[in-house]
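Below is one structure; the comments refer to it alone.
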Amino acid sequence: MAVYSVCVTTGPYLMAGTLDNISVTLLGTCGESPKQRLDRLGRDFATGSVQKYKVRCPAELGELLLLRLYKERYAFFPKDSWYCSFICVKAPDGTCTQFPCYQWIEGYCTVELRPGTATTICQDSLPLLLDHRRRELQSRQECYRWKVYAPGFPGIIDVSNFEEMETDKKFALTKTAPCTDQGDSSGNQYLPGFPMKIDFPSLLHMDPNIRYSATKTVSLLFNAIPASLGMKLRGLLDRKGSWKKLDDIRNIFWCHKTVTSEYVTKHWCEDPFFGYQYLNGVNPVMLHCLSSLPSKLPVTNDMVAPSLGPDTCLQTELERGNVFLADYWILEEAPVHCLNGRQQYVAAPLCLLWLNPQGALVPLAIQLSQNPGPQSPIFLPTDSYWDWLLAKTWVRNSEFLVHEHNTHFLCTHLLCEAFSMATLRQLPLCHPVYKLLLPHTRYTLQVNTIARATLLNPDGLVDHVTSGGRQGLLYLISTGLAHFTYTDFCLPDSLRARGVLTIPNYHYRDDGLKIWAAIQSFVSEIVGYYYPSDASVQRDTELQAWVGEIFAQAFLGRESSGFPQRLCTPGELVKFLTAIIFNCSAQHAAVNSGQHDFGAWMPNTPSSMRQPPPQTKGTATLESYLDTLPEVNVTCNNLLLFWLVSQEPKDQRPLGTYPDQHFTEEAPRRSIAAFQNRLAQISQEIRERNQGLVLPYAYLDPPVIENSVSI
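If you count the sequence shown from 1, position 348 lands on 348 in UniProt numbering, and the numbers rise without skipping.
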């Protein structure tokens, strides 16, 4: 008789325990144990418990290959969910084998767990293990299905599939229903004063392994109540028409000010701060260095001579690499729609900027269309105050549209959803790349599903705050993806291609490169451990299916994108994984976390414009400026969203934090520790630098970077 010690750890989360019967079977190279119920005196499997049991076998089982968990009905109690963290089995010879689980197990079912040692398909030769990989992936591919949201979009998760599965009693998942204004029969509800409906059923009934935790759900919903109620009580959410004066905008978030939002309010109209935002604002990816001026922007030296100074020539500055362009070409044919029954407008400006001898980036010239001519004047700093301010505000509106639709939603949210889907569908739990990427997929499917149901749906918030509305969003994302490249996706390559490696005070670049290097070093160690040769990468059919599905679903099979269709070397794998982890974590933090800081003062980031771009100079006034900015209710709806998505989650998992130990071998655990130490060092460097800055840049401080796109 051989006796195995089985230690079961239940997760510490709310309602993680279960009253159901739990039984196990151990499968080894020399046999299989009888099914045995895990039962001891008192409560079993309580939240946070660690409990030991004995499993008796006629003989030793050899090397353990699988652990089979049975969750079955207990007496008259209804079925419930159980969060199993991991199970550790000690063999008669003292060998310990850890079986990571880290998932909610719902209803009555059987779950098979592999030991924690990560393996690729090339390393599994036993038919039992190969069959287990096949069945696991088949089950997940039936659960997580692709859907086309709109032409030209990356593939998304088909939540209707979960609804069908619940009907079949296979999965407790429901579809996130689109919000409408036709009552609440679907279970959708308004938060007090909140301008959009929240689909409470979808929050509560989605698969618990991909949905928000109870802590995060409560935090997300009730963070919105104080601000929205305050606006509602003051009548701002329902007030149409222009702002009477600029100072009135200060009162929207009078109790939710930050150091940065206060700085923006004071300096928003100054040229150096306008240029600063291209480096360290929420869209720090727009600048391209020029060696010559494009023909569509006919700026002459005489135009900009007053800004350059008497001893400086435009051509000389171009040759020195001190002239930059922000080109909003993507907006030229963007659709527009109506807000509050009034036509809105979009411009496609060209903004020329200069790095002056003091190291400040300042605007030199602005043209509000892609086509030069008499009806498209080039605005200059020497123009009247209101002409120049209005031109800069048009650029800031274009910044809002490109940032929200492309830099933020497309390049982080939608692409990271596709990465998450491919990882769940093509890589089994025991695969090293699955273990590496899983923490960077947390909550991404849930947050995007909610966004589509509340923000992007017809008559959703996008239709109520932006000049392009939902149709503009569909156009910008499909057009943006059609032009997005692997170079754009990889930070070092993007910075090099845009010619911005030497601009001073570019904190996004400096911090981002440090974090990229830390991720790359960490990933390189993990990949080197599991993929010692080119052949080990090429023969991994699961890995190749994973990268192929990303190419097909995220980038629609477009070869000109430069994204890999297959991976041939460990180096290629390291680069691809580094880029995915960086964009799921650091890049999202850089383009998301500062939205309230830079947008709370609405004239700095207007979401819509109510007058067409000016075709002549000398006509702008304070009154015409206010009549161009968004109306009061549009402003409030947009700023409420900015504030909500900038809140730090209550159950945050910062970059490099891995409370779930999916890797059990010593080598990857040492790599994780080294990665965490390097991130701590980067954080210290950032905080020391910020002490000397008038406006600190903290969005890429590792402790405030979420591991995944989760808000």
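Just so you know, even glycine gets a beta-carbon here, dropped at the ideal spot from N, CA and C.
- Residue environment for Q277: buried (at least 16 other C-beta atoms within 10 angstroms of its C-beta).
- In the structure shown, the three-state DSSP call for S376 is strand.
- DSSP, reduced to helix, strand and coil, places Y530 within a helical segment of the structure shown.
- Restricting attention to alpha helix (DSSP H) runs no shorter than 4 residues, the stretch 108-158 encloses them at 127-143, ordered along the chain.
- In terms of Cα proximity to S139, the closest of L427, Y531, F675, H588 is L427.
- Contact fails between the stretch 554-572 and the stretch 692-701, because fewer than three Cβ pairs, one in each stretch, are under 8 Å apart.
- In the structure shown, A91 falls within a coil segment according to DSSP collapsed to helix, strand and coil.
- Taking 8 Å as the cut-off, the Cβ atoms of L361 and L355 count as close.
- The alpha carbon of D540 has as its nearest neighbour, out of D327, K244, I121, the alpha carbon of I121.
- Here Y102 carries a strand assignment [DSSP, helix/strand/coil].
- In this structure, C416 lies away from T454, with their beta-carbon atoms at least 8 Å apart.
- Taking a C-beta distance under 8 Å as the contact criterion, W268 and W601 qualify as a contact pair.
- Taking a 10 Å sphere around the C-beta of L389, we find 16 or more other C-beta atoms and assign the residue as buried.
- For K240 and P613, the gap between their C-alpha atoms comes out near 22 Å.
- Comparing alpha carbon positions, the residue from D463, L64, G480, N283 closest to E332 is G480.
- In the pairwise beta carbon analysis, the stretch 390-404 is classified as not touching the stretch 428-447: fewer than three pairs are separated by under 8 Å.
- The beta strand (DSSP E) runs of length 3 or more contained entirely in the stretch 283-356 are, from start to end of the chain, 323-327, 350-355.
- Residue range 50-57 is occupied by the beta strand (DSSP E) that includes Y53.
- Per DSSP, V8 is one residue of the beta strand (DSSP E) stretching across 2-10.
- I672 and V6 have their C-alpha atoms some 27 Å from each other.
- Exposure of T29 is indicated by the presence of fewer than 16 other C-beta atoms within 10 angstroms of its C-beta.
- Distance check between Q681 and each of N592, Y697, K514 places K514 closest, using alpha-carbon atoms only.
- Listed as beta-bridge partners of G571 by DSSP are no residues whatsoever.
- The stretch 615-663 is shown to contain whole alpha helix (DSSP H) runs of 4 or more residues at 622-628, 632-645, in chain order.
- In this structure, L69 sits near V111, with a CB-CB distance shorter than 8 Å.
- Nearest to T95 by alpha-carbon distance, out of K79, E60, Y102, G107, is E60.
- Under the Cβ criterion (8 Å, minimum of three pairs), the stretch 125-143 does not count as touching the stretch 457-472.
- For the pair T393 and M609, the Cα-to-Cα distance works out to about 9 Å.
- Taking 8 Å as the upper bound for CB-CB distance, V336 and G472 are in contact here, some 7 Å apart.
- For K71, the three-state secondary structure derived from DSSP is strand.
- Contact annotation: E106 and S85 have beta-carbon atoms that are not nearer than 8 Å.
- In the DSSP secondary-structure assignment, I366 is bridged to C351, F379.
- In the same chain as D271, and ignoring 5 residues on each side of it, the C-beta atoms closer than 6 Å to its own belong to V362, P363, in chain order.
- Just measuring C-alpha positions, the residue of N283, L246, G275 sitting nearest T265 is L246.
- In this structure, L126 sits away from Y74, with a CB-CB distance that is not shorter than 8 Å.
- According to DSSP, residue pairing for R37 in a beta bridge involves S23.
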